[in-house]
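Engineer: Submitted below is the structure of interest, expressed as structure tokens.
There are 2 protein chains.
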Amino acid sequence: MTTKIIADTQAAPQTAPTRRGRGRPQSFDRAQALCAAMRLFWDRGYDGTSFDDLTAAMGISASSFYNAFGSKEALYQEAIEAYIKLVGTWFFTILNAQTDTRSTFAHLLTTAATEFTRNDLPTGCMIAAAATQCAPTQARLRDLLATQRIQAETALATRLHQGIEAGDLPPDTAIKALATFYSALLRGMAVQARDGVPRQRLQEIARIGMQAWPVPA
Amino acid sequence: MTTKIIADTQAAPQTAPTRRGRGRPQSFDRAQALCAAMRLFWDRGYDGTSFDDLTAAMGISASSFYNAFGSKEALYQEAIEAYIKLVGTWFFTILNAQTDTRSTFAHLLTTAATEFTRNDLPTGCMIAAAATQCAPTQARLRDLLATQRIQAETALATRLHQGIEAGDLPPDTAIKALATFYSALLRGMAVQARDGVPRQRLQEIARIGMQAWPVPA
DNA sequence: TTATTTTTGTAGTCATCGCTCCATAAATCC
DNA sequence: GGATTTATGGAGCGATGACTACAAAAATAA
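Sequences listed follow chains B and R, in order.
So for the first sequence, the numbering used here puts the first residue at 9; every next one is plus one.
So for the second sequence, the numbering used here puts the first residue at 9; every next one is plus one.
Structure, rendered in structure tokens:
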């Protein structure tokens with residue numbers, strides 16, 4: 009149901025320009041199948057999602073799966089990208105909005121509280137705490153996730169830097185530390201959300217988190 | 009090496025009163041084997057740790073394994089308990105120390121920064137972000153971990169309540185919210201630690217986290 | 001129509017998973 | 001010593017994991 013919400017709104021334009029090649033046409037909507045896989049990975053993690061789970065949720069056979077996505081790991085990578093592009097839009101939208109830095113971060117935290125507790129999607133964040141503990145054979149996966157987390161944190165730091173340039177923040181603000189702090193808080197909120205903490209309590213975390221905002225000297 | 013540090017210091021007294029029963033005696037140190045399993049689970053998670061990994065690290069055979077621990081899941085539960093008892097001591101020690109509430113929480117955060125980045129143990133926390141994404145068949149495990157996380161948060165709330173009674177905190181302090189906030193922050197710090205964030209940066213998070221401490225009205 | 005290209009359905013394959021069976025070893029109790 | 005009890009070693013089991021082989025199907029190109 010909600011797979012459709014995302015797939016329809018965002019993937020439709022991608023589905024349209026499907027070049028009609030030479031062979032037999034695909035019998036399924038690739039974007040929709042990817043979205044179903046994303047939701048499954050999001051909810052159960054990489055190890056917790058079996059091949060059969062995936063093909064069942066995507067509604068395709070094993071051969072179609074490998075023909076279209078290559079491998080379980082490749083699909084996971086695509087699912088992460090899809091998550092960032094389709095679900096994580098709010099994060100980058102807020103960071104790029106034309107508001108003062110403090111308001112931007114306040115908005116980021118409160119929106120995280122609502123986004124992490126949507127009832128039409130799995131709770132929490134697909135990336136925030138994923139693959140932090142895994143087998144050595146899955147080092148590639150762990151590094152992939154860690155890299156995504158670092159990128160999000162870097163985006164926070166970049167926005168703080170812009171804040172200094174705009175005069176929103178004192179020039180001697182410890183940007184990196186502040187970015188790491190809010191990054192950690194967001195990840196913690198994601199874990200809470202997965203444990204079933206209700207939206208209102210996450211909003212409280214957001215409120216208190218903004219108390220740590222640096223005061224002008 | 010560090011397995012011994014923990015096993016020797018804490019498990020020795022437990023090893024001593026091993027009742028010499030009737031049958032053939034165990035050929036291995038149960039506490040030490042449990043500690044080895046704990047470290048493995050801590051580093052790789054439940055799914056990421058295979059049965060063969062465990063028996064190899066514990067230095068025992070499959071039959072000894074099942075005779076002594078019952079099953080992989082039962083061992084994991086024991087490993088969690090051992091973690092709390094052996095590794096997580098600092099948490100409860102600090103909460104029970106006779107200092108003012110603010111200093112207690114500051115100490116908690118800075119100690120977390122150091123404990124999460126010990127070089128003789130896996131980084132981060134074994135419980136903080138474990139099993140938040142897993143298969144439906146592992147619901148028992150996920151609930152176990154979530155319960156442990158809730159208990160830690162409850163311990164924080166209890167300490168805050170004592171702070172009000174001691175006059176450290178205003179009576180109208182939002183205890184639950186504050187506990188949830190610091191709980192989330194600690195979990196986020198644990199994820200950072202597993203991503204390789206150095207101790208100094210975690211200390212920065214701790215410092216900023218204390219800026220959110222409620223100011224007396 | 002025929003050839004070519006790509007996808008699909010079905011039926012497997014091979015490795016690993018957690019776990020078990022059972023005869024034997026090593027202790028205590030009588 | 002003999003009986004009893006508990007632990008160990010070694011071989012193997014059934015289920016599930018991700019993945020593959022191959023022929024048939026469905027499109028386009030010549």
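C-beta: ideal position from N, C-alpha, C; glycine also.
(1) Say whether the segment 126-135 of chain B touches the segment 77-93 of chain B, bearing in mind that this needs 3 or more beta-carbon pairs closer than 8 Å, one atom from each stretch.
(2) Which whole runs of the alpha helix (DSSP H) in the segment 96-141 of chain R are 4 residues long or more, in chain order?
(3) Taking C-alpha atoms, which residue in R/V205, R/T118, R/A82, R/P206 lies nearest to R/Y190?
(4) Should R/K12 go down as buried or exposed, given a rule of 16 or more other Cβ atoms within 10 Å for buried?
(5) Please tell me whether B/G3 has its Cβ less than 8 Å away from any Cβ of chain R.
(6) To the nearest angstrom, how far is it from the Cα of B/A82 to the Cα of R/F36?
(7) So, with DSSP's three-state summary, where would you put R/G196?
(8) Taking B/T57 as part of the alpha helix (DSSP H), name the residues at either end of that continuous run.
(9) What is the C-beta distance between B/L212 and R/A185, in whole angstroms, given that I count them as a contact (C-beta under 8 Å)?
(10) Does the Cβ-Cβ distance between B/T122 and B/R207 come in under 8 Å?
(11) Alpha carbon to alpha carbon, what distance is there between R/T145 and B/L48?
(12) Would B/A147 count as contacting chain R if we go by Cβ distances under 8 Å?
(13) Examine chain B for any beta-carbon lying closer than 8 Å to the beta-carbon of R/F36, and answer yes or no.
(14) Evaluate contact between the segment 103-113 of chain B and the segment 157-173 of chain B, counting only Cβ atoms and requiring at least three cross-stretch pairs below 8 Å.
(15) For the segment 71-85 of chain B, which residues have a CB atom closer than 7 Å to at least one CB atom of chain R, in sequence order?
(16) Using the beta-carbon of each residue, which ones in chain B are nearer than 8 Å to R/D203?
(17) Could you list which residues in chain B have their beta carbon closer than 8 Å to that of R/V95, in chain order?
(18) Would R/T57 be called buried (16 or more neighbouring beta carbons within 10 Å of its own) or exposed?
(19) In whole angstroms, what is the alpha-carbon distance linking B/T63 and B/F73?
(20) Tell me whether R/R30 sits in a helix, a strand or coil according to DSSP, three-state version.
(21) Leaving aside the five residues before and after R/H169 along the sequence, list all residues of the same chain whose C-beta is less than 7 Å from its C-beta, in chain order.
(22) R/A139 and R/L149 look like a contact to me (Cβ under 8 Å); what is the Cβ gap, rounded to whole Å?
(23) Work out the CA separation of R/G171 and R/D108 for me, nearest whole Å.
(24) Using a Cβ-Cβ distance under 8 Å, would B/A65 count as near chain R?
(25) Look at B/Q141 and R/D51 and say whether their C-beta atoms are less than 8 Å apart.
(26) Within this structure, are the beta carbons of R/A192 and B/G196 separated by less than 8 Å?
(27) From B/R30, B/A187, B/A198, B/C43, pick the residue whose C-alpha is nearest to that of B/Y91; which is it?
(28) B/T181 lies in the alpha helix (DSSP H); which residues open and close that run?
(29) Please report the residue range of the alpha helix (DSSP H) in which R/I216 lies.
(30) Mind checking which residues open and close the alpha helix (DSSP H) that includes B/F73?
(31) Going along chain R, which residues have a C-beta under 8 Å from B/F113?
(32) Measure the C-alpha to C-alpha separation of B/A187 and R/S69 and round it to an integer number of angstroms.
(33) Output, in sequence order along the chain, the residues in the segment 45-57 of chain B whose CB is closer than 9 Å to any CB in chain R.
(34) Closest to R/T155 by C-alpha separation, out of B/V199, B/T112, B/A154, B/L194, would be which residue?
(35) Does R/S35 come out as helix, strand or coil in the three-state DSSP assignment?
(36) At the level of alpha carbons, what is the spacing between R/G67 and R/N75?
Structural biologist: Quick look at the numbers:
(1) The segment 126-135 of chain B makes contact with the segment 77-93 of chain B; the number of CB pairs closer than 8 Å reaches 3 or more.
(2) Within the segment 96-141 of chain R, the complete alpha helix (DSSP H) runs of at least 4 residues are 97-104, 109-123.
(3) That would be R/T118, whose Cα lies nearest to the Cα of R/Y190.
(4) Here the model assigns R/K12 a pLDDT of 34, short of 50, so the residue's position is not dependable, and the following value carries that caveat. It is exposed - the Cβ of R/K12 has fewer than 16 other Cβ atoms within 10 Å.
(5) An answer regarding residue 3 of chain B cannot be provided, because it is not within the stretch 9 to 225 covered by chain B.
(6) Pairing B/A82 with R/F36, the inter-Cα distance amounts to about 43 Å.
(7) The answer is helix: DSSP assigns R/G196 an H, G or I state.
(8) No alpha helix (DSSP H) contains B/T57, which DSSP labels as neither H nor E.
(9) Here the sequence assigns Glu to residue 212 of chain B, which means Leu is not the residue at that position. Between R/A185 and B/E212 the Cβ distance is about 4 Å, and since that is below 8 Å, they are a contact.
(10) Cβ distance < 8 Å, so B/T122 and B/R207 count as in contact.
(11) Those two C-alpha atoms are separated by around 14 Å.
(12) No, its Cβ sits nowhere closer than 8 Å to a Cβ of chain R.
(13) No, its Cβ sits nowhere closer than 8 Å to a Cβ of chain B.
(14) At 8 Å Cβ cutoff, the stretches touch.
(15) Answer set for the segment 71-85 of chain B: empty.
(16) Within chain B, the residues near R/D203 are T140, A154, R157, I158.
(17) Result: empty, since nearest Cβ-Cβ is about 15 Å, beyond 8 Å.
(18) Buried, since its Cβ has 16 or more Cβ neighbours within 10 Å.
(19) Roughly 7 Å between the two C-alpha positions.
(20) Reduced to three states, the DSSP call for R/R30 is coil.
(21) The beta carbon of R/H169 sits closer than 7 Å to those of I183, all from its chain and outside the five residues before and after it, given in chain order.
(22) Indeed, because the Cβ distance is near 5 Å, the residues count as touching under 8 Å.
(23) The C-alpha of R/G171 is placed about 7 Å away from the C-alpha of R/D108.
(24) The beta carbon of B/A65 does not come within 8 Å of any beta carbon belonging to chain R, so the residue lies off that interface.
(25) It is a contact, given that the beta carbons lie within the stated cut-off.
(26) Contact flag set, yes.
(27) Nearest neighbour of B/Y91 by Cα position, chosen from B/R30, B/A187, B/A198, B/C43, turns out to be B/C43.
(28) Counting along the chain, B/T181 sits inside no alpha helix (DSSP H), nor does DSSP assign it H or E at all.
(29) Per DSSP, R/I216 belongs to the alpha helix (DSSP H) from 207-219.
(30) First-last of the alpha helix (DSSP H) with B/F73: 70-77.
(31) Residues of chain R passing the Cβ test: none, with the nearest at roughly 12 Å.
(32) Taking the CA atoms as reference points, B/A187 sits about 48 Å from R/S69.
(33) Answer set for the segment 45-57 of chain B: F49, W50, D51, R52, G53, Y54, D55, G56, T57.
(34) The residue with the shortest Cα to Cα distance from R/T155 is B/V199.
(35) Collapsing the DSSP output to three states places R/S35 in coil.
(36) The alpha-carbon separation between R/G67 and R/N75 amounts to approximately 14 Å.
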